């Protein structure tokens, strides 16, 4: 048994936290231990409070995104005005055509 344990590698999956026992010579999983199950809520009052907290976080995030959207319009308007002013200041030149290069 000690010989077997020396020849195997135990790895914890970073994604699901499952424990895998791998044989390095074969490159195969010998044993899979599922991750521990998440705790279920037994106190309903605590669950309700958590849901109320989530609702307030959603509302705050929504308000922040609304403000960002309003500012986005102002920013785009400012950029447009700057580029329009720059375009008006530049002289209008005729683009070179292929025939002009001869």
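Numbering (this note's numbering), first residue to last: 846 to 947. Built from N, CA and C at the ideal position, the CB exists for glycine as well. Note that the coordinates shown come from a computational prediction; the quantities given were computed from them, not determined experimentally.
TODO: Please determine if the region 880-895 and the region 855-863 are in contact, where contact requires at least 3 C-beta pairs separated by less than 8 Å.
DONE: yes
Open item on the list: For residue 856 and residue 865, I'd like the C-alpha separation in whole angstroms.
Closed with: Against the chain shown, residue 856 aligns to sequence position 11. Against the chain shown, residue 865 aligns to sequence position 20. Distance between the alpha carbons of residue 856 and residue 865 is about 5 Å.
Task: Whether residue 853 touches residue 871 by CB criterion (8 Å) - done: In the chain shown, residue 853 corresponds to position 8, counting from 1. In the chain shown, residue 871 corresponds to position 26, counting from 1. Result no, Cβ atoms of residue 853 and residue 871 do not sit closer than 8 Å.
Open item on the list: Let's test the definition: count the other Cβ atoms within 10 Å of the Cβ of residue 846 and tell me whether it reaches 16, buried, or not, exposed.
Closed with: Translated into the one-based positions of the chain shown, residue 846 becomes position 1. A caution first: residue 846 carries a pLDDT of 47, below 50, which makes its placement in the model unreliable, though a value can still be read off. Exposed, since its Cβ has fewer than 16 Cβ neighbours within 10 Å.
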